[in-house]
Amino acid sequence: MILKSNGKEVATDVDFACNILKHIKGLMFSKRIPDNYALVFVMKKAQRISLHMLFVTYPIDAIFLDDKKKVIKTSSLKAWIGTCSCEGKVKYIIETSHGKSEKLGIKPGDTFEFENQCH
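Numbering-wise, the sequence shown is residues 3 to 121 according to our numbering.
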């Protein structure tokens, strides 16, 4: 599957976190995140979200999407100590390599294309 934002390829290697256990684990304890990788968190319903970087040893970008896959917020998170929250109601969070949002010019209002793999 290819993850795209406004027609630009964001990742070709995409995993989905579809349940609470996968949400809790996220990228914890992984060694690094390849540039072509993204982890998409899928919430059961749109809600306010906070992220932490506990046990993640490298920086990442987080992209918060609403239920229409429109970007609400982007954030770069530092290894171990990074935290972030989103005031809007979030249905999806995309975690990808650090700097990807800036490199591709991803900003609030952009739209993502992907098929939800959680059923």
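For every residue, glycine included, the Cβ atom is placed at its ideal position computed from N, Cα and C.
| Asked | Found |
| --- | --- |
| Exposed or buried, which one is L79 when buried takes at least 16 other CB atoms within 10 Å? | buried |
| Excluding the five sequence neighbours on either side, which residues of its own chain have a C-beta within less than 6 Å of the C-beta of Q119, listed in chain order? | F18 |
| Leaving aside the five residues before and after P110 along the sequence, list all residues of the same chain whose C-beta is less than 7 Å from its C-beta, in chain order. | V73, I74 and K75 |
| What's the call for D69, buried or exposed, on a 16-neighbour Cβ count within 10 Å? | exposed |
| Of the residues F43, P36 and Y39, which one's Cα is nearest the Cα of I22? | F43 |
| Within this structure, are the beta carbons of I95 and F66 separated by less than 8 Å? | yes |
| Give me whichever residues DSSP pairs with V12 in a beta bridge. | None; V12 has no bridge partner. |
| Using the rule of at least 16 other Cβ atoms within 10 Å of the residue's Cβ for burial, across every protein chain shown, is F114 buried or exposed? | buried |
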